[in-house]
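Offset between the sequence shown (1-based) and my numbering: plus 294.
Below is one structure, written out as structure tokens; the observations come after it.
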Amino acid sequence: MDEDKGKSARRPRADALRNRERILEAAKAVFSAGGPDASLEAVAREAGVGIGTLYRHFPTREALFEAVYRREVQQLADLADQLKVDAEPCEALRRWLRANVEFVATKKGMVAALALAVDKRSDLTALSFERLTEAVGGLLERAAQAGEIRSDIGPEDVLRALIGMCYLHDKPGWQTSVLRLVDVFVDGLCRGRQGGD
295 MDEDKGKSAR RPRADALRNR ERILEAAKAV FSAGGPDASL EAVAREAGVG IGTLYRHFPT
355 REALFEAVYR REVQQLADLA DQLKVDAEPC EALRRWLRAN VEFVATKKGM VAALALAVDK
415 RSDLTALSFE RLTEAVGGLL ERAAQAGEIR SDIGPEDVLR ALIGMCYLHD KPGWQTSVLR
475 LVDVFVDGLC RGRQGGD
């Protein structure tokens, strides 16, 4: 029983967990809107916490960027699982790819510092690519098994196409254009089944 008390005493307090989540959500918004020069002070203001609270959770800018990045990847993996239950196969794929556009917007906003974090942590890139490949792979497989999508396209192909769409557009408002292209891409996959049969 004393051992259980010791374990629960070491768990982060509920308010600390809430602060951490608020900081991550605020960082996503600030970095997406303000680019790599967005300050940690702006993140703290957006989260409604003091700068000291931010630094207690994330001692460096790179640590914060890495945490935001990991959280986004996890959310996309969770979303893929949820969509397998909540949406028809082609619509699930469309919604997941559209969610990725927001992820890329956040990533673009912190690309400079994220590059430093990735340099130090090559496993970060490998892990995220593996998680995203697995997530979209499950959606593609489900759609192919339902006969709703061509079966000759793999998850890497889809991710390469998405990355190409996102990174070829750099002007303000690029997300709107890319979301339209994602819809065209998914429509082509779903209506062009004969290519994979």
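Don't be surprised by glycine CBs; every beta carbon is placed ideally from N, CA and C.
As the structure is a prediction and not an experimental result, all values here were calculated from the model.
request  = Note down, in chain order, each residue of its chain lying with its Cβ closer than 6 Å to the Cβ of valine 430, except the 5 sequence neighbours on either side.
outcome  = Against the sequence shown, residue 430 aligns to sequence position 136. Once the five neighbours on either side are set aside, the close Cβ partners of valine 430 are Pro449, Val452.
query = Which two residues bound the contiguous alpha helix (DSSP H) that contains glycine 458?
reply = Locating residue 458 in the sequence shown gives position 164, counting from the first residue. 449-461 is the span of the alpha helix (DSSP H), which, as asked, contains glycine 458.
request  = Go ahead and label valine 472 buried or exposed: buried means 16 or more other beta carbons lie within 10 angstroms of its beta carbon, across all protein chains shown.
outcome  = Counted from its first residue, the sequence shown places residue 472 at position 178. It counts as buried.
query = Residue range of the alpha helix (DSSP H) that glutamate 335 falls in?
reply = Locating residue 335 in the sequence shown gives position 41, counting from the first residue. Start and end: 334-341.
ask   = From which residue to which residue does the alpha helix (DSSP H) around serine 471 run?
value = Here residue 471 refers to the residue found at position 177 when the sequence shown is read from its first residue. Element bounds for serine 471: 468-485.
key: Rounded distance between the beta-carbons of aspartate 477 and arginine 388, thought under 8 Å   = As a position in the sequence shown, residue 388 is number 94, starting the count at 1. As a position in the sequence shown, residue 477 is number 183, starting the count at 1. About 7 Å; that satisfies the 8 Å criterion.
query = How many Å lie between phenylalanine 359 and lysine 465 at the Cα?
reply = Working through the sequence shown from its first residue, we reach residue 359 at position 65. Working through the sequence shown from its first residue, we reach residue 465 at position 171. For phenylalanine 359 and lysine 465, the distance between alpha carbons rounds to 23 Å.
inquiry  = Looking at the secondary structure, which residues open and close the alpha helix (DSSP H) in which threonine 347 lies?
reply    = The residue given as residue 347 occupies position 53 in the sequence shown. Here the alpha helix (DSSP H) through threonine 347 covers 345-351.
message = For glutamine 376 and alanine 438, what's the separation of their Cα atoms in angstroms?
response = Position 82 of the sequence shown, counted from the first residue, corresponds to residue 376. Position 144 of the sequence shown, counted from the first residue, corresponds to residue 438. Roughly 18 Å separates the two Cα atoms.
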